[in-house]
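Q: Dropping a structure here in structure tokens format, bear with me for questions.
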């Protein structure tokens, strides 16, 4: 029994220096991430000092402080600046767009914006019209005018073609590689014969197509 007690005492004495060493190392381990952060931040500041301030752009001279830290005042809105009014597309805006199409026609979105929807750019209204008409490429609708019933009819015709050929994407009719959509459009709208093949086939690489694929189209500006 005495031998066992002595053995435990010996083990305790052997462990004490190890525990003391671990405790002594603990503060250093705690400080180490801070040192790493400080070094990293210093490197960031050096990069800012090297690249942020450009002599050819005087406006950048106040972007950072002399030590390389960001000048937060530089990134704040100017005093007296009016807060941007959040826009929301509602049924009212939709009705005004339809009224504009009925008066000015597809493609005249700047005029529609100026008369009915000044908070929305011509390009904004073009994107909204794509959803309204149900067709990604509106070139064949240029100058087309119609009321709400006419627009609803066109939408359903485009949707039917899109669903038939697997070309109904994001709420509108898109081009297909086989040319089936172009052929169906010519059959449905005989006056487009000879035009739709070229127009629809080029839609997949057009600027119009790239805008339509954007999830949030409310703030697109391309005018």
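In the UniProt record's numbering, the protein residues as written are 1 to 223. C-beta atoms are modelled at their ideal positions from N, C-alpha and C, and glycine is treated no differently.
Report the residue ranges of all beta strand (DSSP E) runs contained in full by the segment 75 to 137; include only those spanning at least 3 residues, in chain order.
A: none
Q: When you compare only the Cα positions, how much space is there between residue 239 and residue 171?
A: Nothing in the structure corresponds to residue 239, since the chain is present only between 1 and 223.
Q: Take residue 69 and list the residues in its own chain whose beta-carbon comes closer than 7 Å to its own, dropping the five residues that flank it on each side.
A: 45
Q: Just the C-alpha distance for residue 62 and residue 40, rounded to the nearest angstrom, thanks.
A: 23 Å
Q: Who does residue 155 pair with in a DSSP beta bridge?
A: In DSSP, residue 155 forms no bridge with anything.
Q: What are the boundary residues of the alpha helix (DSSP H) that includes residue 181?
A: 180 to 188
Q: By how many angstroms is the C-alpha of residue 133 removed from the C-alpha of residue 181?
A: 16 Å
Q: Given a cut-off of 8 Å on the beta-carbon distance, is the pair residue 151 and residue 185 in contact?
A: no
Q: When the Cα of residue 158 is compared with those of 145, 174, 143, which residue comes out closest?
A: 174
Q: When you compare only the Cα positions, how much space is there between residue 114 and residue 176?
A: 35 Å
Q: Give a yes or no on whether 8 Å exceeds the smallest Cβ distance from residue 175 to chain D.
A: You won't find chain D in this structure, because it holds only one protein chain.
Q: For residue 109, which residues of its own chain have a beta-carbon under 6 Å away from its beta-carbon, when the five flanking residues on both sides are left out?
A: By the criterion of a C-beta distance shorter than 6 Å, residue 109 is surrounded in its chain by 122, 125, 126, once the five residues flanking it on both sides are discounted.
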